[in-house]
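Visitor:
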Amino acid sequence: YPGAEEGLMSFAIDHVFELAATFQSLPNQESVSVLASAMEIYNEELRDLACPSTPSRAIQIREVSKGQCEVVGLFEREVQSG
């Protein structure tokens, strides 16, 4: 992938902000927000890396439709490129 020397996370984050800029430039588009959270799964235990005080039992991975999952209970923060 392009930018391999920076790593996959850096590439993915850059791509998210490129997509946000593209959507923002569309006609009749009022605003675009990007929310971020960080999670670790280790020994079948979920950890909120953005808010370590969140108890593991408060975080759940749910299947919302066939093949699509969501994580509930993670701290989310609006982020900006910069």
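Per this note's numbering, residue 201 is the first one in the sequence shown, and the count goes up by one each step. Note that beta-carbon positions come from the ideal geometry of N, C-alpha and C, so glycine has one too.
Would you call the segment 254 to 261 in contact with the segment 225 to 237, where contact means no fewer than 3 C-beta pairs closer than 8 Å?
Guide: In short, these stretches do not touch, since the Cβ pair count stays below three.
Visitor: Residues bridged to residue 269 by DSSP?
Guide: Per DSSP, 263.
Visitor: Straight-line CA distance for residue 205 to residue 274?
Guide: The straight-line gap from Cα to Cα measures roughly 29 Å.
Visitor: Going along the chain, which residues of its own chain have a beta-carbon closer than 6 Å to the beta-carbon of residue 240, five neighbours each way excluded?
Guide: These residues qualify, in order along the chain: 247 and 249.
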